[in-house]
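Before any comments, here is the structure.
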Amino acid sequence: MIKDALYAVTHGQDLSYDLAKDTMNKIMSGDVPEVPMAGFLCALAAKGLTVDEVTAFAEVMREKAGSVPHEGTVVEIVGTGGDEANTFNISTTSGFIISAAGIPVAKHGNRSVSSKCGAADLIEALGAKLELNGEQNEAVLNKANMCFMFAPVYHQAMKYAGPVRKALGVRTVFNILGPLANPAGATVELMGVYDKTLVEPLARVLANLGVKRGAVVHGFDGLDEITAINKTYVCEINNGTFTSYKFDPKDYGFEYADKTELEGGDATVNAEITRRVLGGEQGGKRTAVLLNAGMAIYLAKDGITLAEGIEEAKHMIDSGKALATMEQFVKATQEVESPESVKAAALALPSDTGFPFEAALRQQDFNFICEVKKASPSKGIIAEHFPYLEIAKEYEVAGAAAISVLTEPDFFKGDKKYLQEIASTVKIPVLRKDFIIDEYQIYQAKVWGASAILLICACLDVPTLTKFRELADSLGLSSLVEAHDEHEVQMAIDCGARIIGVNNRNLKDFTVDVQNSVRLRNLVQDDVIFVSESGLETPEDIQVLRDNNIGVALMGETFMRSPNKVEKLAYLYGPTYYTPKIKMCGISKVETILAIVDAKPDYMGLVFAPSKRQVTVDQAKILVSELHKQYANRYNRDVIQWSNDVVQAGTITDVVQAGTITDVVQDGTIINALQEETATGDAHEGTLTSTENISPTLIHQEFIKTVGVFVNETLDNLVTIATEVNLDAVQLHGDEEEAFIQSLKERTNVEVWKAVQIRSAADAEKWIDSSADMLLFDAYHKDERGGTGEVFDWSYLDEFERPFYARWWYR
Numbered sequence: 002m003i004k005d006a007l008y009a010v011t012h013g014q015d016l017s018y019d020l021a022k023d024t025m026n027k028i029m030s031g032d033v034p035e036v037p038m039a040g041f042l043c044a045l046a047a048k049g050l051t052v053d054e055v056t057a058f059a060e061v062m063r064e065k066a067g068s069v070p071h072e073g074t075v076v077e078i079v080g081t082g083g084d085e086a087n088t089f090n091i092s093t094t095s096g097f098i099i100s101a102a103g104i105p106v107a108k109h110g111n112r113s114v115s116s117k118c119g120a121a122d123l124i125e126a127l128g129a130k131l132e133l134n135g136e137q138n139e140a141v142l143n144k145a146n147m148c149f150m151f152a153p154v155y156h157q158a159m160k161y162a163g164p165v166r167k168a169l170g171v172r173t174v175f176n177i178l179g180p181l182a183n184p185a186g187a188t189v190e191l192m193g194v195y196d197k198t199l200v201e202p203l204a205r206v207l208a209n210l211g212v213k214r215g216a217v218v219h220g221f222d223g224l225d226e227i228t229a230i231n232k233t234y235v236c237e238i239n240n241g242t243f244t245s246y247k248f249d250p251k252d253y254g255f256e257y258a259d260k261t262e263l264e265g266g267d268a269t270v271n272a273e274i275t276r277r278v279l280g281g282e283q284g285g286k287r288t289a290v291l292l293n294a295g296m297a298i299y300l301a302k303d304g305i306t307l308a309e310g311i312e313e314a315k316h317m318i319d320s321g322k323a324l325a326t327m328e329q330f331v332k333a334t335q336e337v338e339s340p341e342s343v344k345a346a347a348l349a350l351p352s353d354t355g356f357p358f359e360a361a362l363r364q365q366d367f368n369f370i371c372e373v374k375k376a377s378p379s380k381g382i383i384a385e386h387f388p389y390l391e392i393a394k395e396y397e398v399a400g401a402a403a404i405s406v407l408t409e410p411d412f413f414k415g416d417k418k419y420l421q422e423i424a425s426t427v428k429i430p431v432l433r434k435d436f437i438i439d440e441y442q443i444y445q446a447k448v449w450g451a452s453a454i455l456l457i458c459a460c461l462d463v464p465t466l467t468k469f470r471e472l473a474d475s476l477g478l479s480s481l482v483e484a485h486d487e488h489e490v491q492m493a494i495d496c497g498a499r500i501i502g503v504n505n506r507n508l509k510d511f512t513v514d515v516q517n518s519v520r521l522r523n524l525v526q527d528d529v530i531f532v533s534e535s536g537l538e539t540p541e542d543i544q545v546l547r548d549n550n551i552g553v554a555l556m557g558e559t560f561m562r563s564p565n566k567v568e569k570l571a572y573l574y575g576p577t578y579y580t581p582k583i584k585m586c587g588i589s590k591v592e593t594i595l596a597i598v599d600a601k602p603d604y605m606g607l608v609f610a611p612s613k614r615q616v617t618v619d620q621a622k623i624l625v626s627e628l629h630k631q632y633a634n635r636y637n638r639d640v641i642q643w644s645n646d647v648v649q650a651g652t653i654t655d656v657v658q659a660g661t662i663t664d665v666v667q668d669g670t671i672i673n674a675l676q677e678e679t680a681t682g683d684a685h686e687g688t689l690t691s692t693e694n695i696s697p698t699l700i701h702q703e704f705i706k707t708v709g710v711f712v713n714e715t716l717d718n719l720v721t722i723a724t725e726v727n728l729d730a731v732q733l734h735g736d737e738e739e740a741f742i743q744s745l746k747e748r749t750n751v752e753v754w755k756a757v758q759i760r761s762a763a764d765a766e767k768w769i770d771s772s773a774d775m776l777l778f779d780a781y782h783k784d785e786r787g788g789t790g791e792v793f794d795w796s797y798l799d800e801f802e803r804p805f806y807a808r809w810w811y812r
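Those letters in the sequence shown? Residues 2 to 812, per the working numbering, in order.
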């Protein structure tokens, strides 16, 4: 492929986006020899660059780079260098002002190439630690609202191109790629360039790379900044639109500075200049940073003018906030955790843990490790909305044996805080899932609260696996050693692994084959815990594992995409595990409440749709209030966790419909509860389940939840009623479509159940990806919305692969 690219550029032909990306991938992977690389770079410079080419090259730079995890918007302010003006560090000094204005700044830079003092030289001269990794810079950003990403730390792949670039000694595409390859993925950027002809094209490149608000600038005097000496060419980016104009400092009350006013020196000199400017010194240097910081503030803050951005920059200096921000930044870099401090903290923690992770994986005949995962290399972003703590708590309630938490930031968008907060919240063991390649990461796992680590045979040799496992043992951490084939399973055995996981995913093409676990199971002794990973989706998959003496499944995406993880886990356990949910519906009389409280169903249903048991909002408020009061009185507490009164899976349970309380199962014994209403023809609702191999499961319930039943109610009324009555769920029996459900979920925190009338399997499949928290399937009737006493063909649901409620009826 490099031959095709070399031929094209030497003949003056532009590269396609795909060819450009493939070529840069090969260069940054070390697959291109130095001579053809040099020829390609020189010919490319002679031909001239296109937007597609630079976009493709920059995307590869970003993909190959390390990253800094963060939330929300961050700003980059950077220049290409190469203007040969020897100014002081305008953009870096401006960064402290922007940060002081409450805007997170993720500054990216290197040591000097074309000047006496690069951004990295200045940062170091100010007293800050320079070579911080993504995790450390994340901590600095959180503390100081600014971080500095030293390019050599984040762009390791540049080692393949660096020597050629240095030997050539002329400008190449790499001169402009650095400012385009921000490791934090800044979506607001002020970028200065050394050539006027680059202004508009690079603005388009930035937009292609995800920058929403930004500007590319070039001074009339040649500076790669907004200059204080003359006018500046600007191409402004505003969510995909581009506006080019000339910026004149005089329009904002400034006189032109003299070129000598902006001159800098070496790192020591420039550090002192930065301190003086941030301390309030007047003159041309102040003007330069006010113009650049003001522009960045204007770009980052909605609803303000450029003039207002400049005024805010002035206030940040004059109030002392800018200088304080710089000092806070320096201090934050000095306080980042070092390997030595992490090791000491880990060794100070108790090591006699009893290895709870291993104990958890042996507690039942089959166990699940449920994963908290935002993204994956094969599927990209899995969970845009990522309430990781709530997800973990759902897993614990559902009966997971352990939780796997991704901390790897680049491919899986993980973060240490996910592990720290989850480990301190749940009571079940937590696995740190990451690419462990250094002892330091094992000490981190201990400090962050993990009970186990992942060791991957594809990344480590047997001596290293052994060393890491033994270190983990000494800290009281278990090691899940992951393999993909026979050779790697033998590596895991040779390193003394007590837990071996087999990944069913082919790491080369990302295909999955559950039979991979089955094939490799016989290579591992029975006393070693065997875990199957990836590609598991259905109860049938789990049954295959059970049938082949595999007792643990580690699952991520299947759970993460499920709107109800409790129900999903029960579904995967299969009918011998599934616990029926009981709803007593059609309640309309206060006298009924005490019998409901005694029966302890999961839900009490209130019908707001027209029917003989319809309730008004005021009636419903009284019923819900009485339910909570009677429940508290009955059990002498406001919140109760009940584990003895267990509704056992596999028992046909008569669930109350239309206000009739019948046989409710508790502790495996049928309790004949009081029938408060016995209207002739009342129908009783149940849940499909099996009657074999009853396996009790603890159910943790704080109270009986309330469900409102509606038919074609307006969105506004639904939100109002749910709020006023304090409903836990709404059950929609009308013609509500998916867009309506999504709008409802955006406006209220209640669960949304959607009732679907079934005439064929297609009626169910239409709702497979619905955002509804639960689906309720019922027989179709052209004139009725439920409660007809009719049944549908349950075989329509045989292939339906998400949890649901289904009704059966009897009289």
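Ideal placement from N, C-alpha and C gives every residue a C-beta, glycine not left out.
Opposing strand residues paired with residue i [DSSP bridges]
i: C460; result: According to DSSP, which records beta bridges pairwise, C460 is partnered with nothing at all.
i: H109; result: M150
i: F711; result: L733
i: D779; result: Q758
i: M192; result: V79, V217
i: E139; result: None; E139 has no bridge partner.
i: V753; result: V731
i: K706; result: Y604
Assigned secondary structure, residue i (DSSP; H/G/I helix, E/B strand, else coil)
i: C1; result: Nothing about residue 1 can be reported from this structure: the residues present for the chain run from 2 to 812 only.
i: V79; result: strand
i: A129; result: coil
i: G254; result: coil
i: L20; result: helix
i: T242; result: strand
i: F89; result: coil
i: R63; result: helix
i: V36; result: helix
i: S691; result: Confidence in S691 is poor, its pLDDT being 29 and thus under 50, which makes the residue's placement too unreliable to answer from.
i: Y234; result: strand
i: K247; result: strand
i: A680; result: Because the pLDDT at A680 is just 29, under 50, the model does not fix this residue reliably, and the value given afterwards should be weighed accordingly. Coil at A680, not helix or strand.
i: E814; result: The shown model of the chain, from 2 to 812, leaves out residue 814, and the question about it has no answer.
i: I3; result: helix
i: A674; result: With a pLDDT of only 31 at A674, under the threshold of 50, the placement of this residue in the model should not be trusted; the figure read from the coordinates follows. If DSSP states are grouped into helix, strand and coil, A674 belongs with coil.
Minimum C-alpha distance to residue i - residue among the options
i: A268; options: A129, L546, A498, K590; result: A129
i: M147; options: L719, A346, G80, H71; result: H71
i: L719; options: K706, I705, F704, W754; result: W754
i: L362; options: A554, K48, G31; result: A554
i: A289; options: G220, K344, K332, K601; result: G220
i: R506; options: E264, V337, A459, V55; result: A459
i: N90; options: A121, R547, V567; result: A121
i: S342; options: K4, K447, K418; result: K447
i: V154; options: P184, T173, K144; result: P184
i: N293; options: A393, G49, S95; result: S95
i: D486; options: R520, D764, R562; result: R520
i: K374; options: H316, K315, Q335, K434; result: K434
i: L537; options: V525, R562, L524, I530; result: R562
i: Y253; options: I311, A39, L199, G284; result: I311
Integer-rounded CB distance, given that residue j should sit under 8 Å from residue i
i: C496; j: R470; result: 6 Å
i: L123; j: A349; result: Incorrect: roughly 37 Å between the Cβ atoms, too far for contact.
i: I274; j: K286; result: 6 Å
i: T532; j: I494; result: In the sequence as presented, Thr is not what sits at residue 532; that position holds Val. Not quite, the Cβ-Cβ distance comes to about 14 Å (not below 8 Å), so this is no contact.
i: D779; j: I759; result: 7 Å
Check your understanding: Which runs of the alpha helix (DSSP H) spanning at least 4 residues fall entirely within the segment 510–592, listed in chain order?
Key -> For the segment 510–592, the continuous alpha helix (DSSP H) assignments of 4+ residues that do not extend past its boundaries occur at 516–522, 540–548, 558–561, 566–574, in sequence order.
**Study point:** Contiguous alpha helix (DSSP H) assignments of at least 4 residues, all confined to the segment 431–513
**Key:** Correct list: 440–449, 463–476, 487–495.
Review point. Whole alpha helix (DSSP H) runs in the segment 605–642 with 4 or more residues, listed along the chain?
Key: Within the segment 605–642, the complete alpha helix (DSSP H) runs of at least 4 residues are 618–636.
Exercise for review: Would you mind listing the alpha helix (DSSP H) stretches within the segment 346–409 that are 4+ residues and don't spill past its ends, in chain order?
Suggested key: DSSP runs (the alpha helix (DSSP H)) wholly in the segment 346–409: 357–361, 389–399.
Point to revise | In chain order, each alpha helix (DSSP H) run of at least 4 residues that lies wholly inside the segment 288–321 | key: The segment 288–321 contains these whole alpha helix (DSSP H) runs: 307–319.
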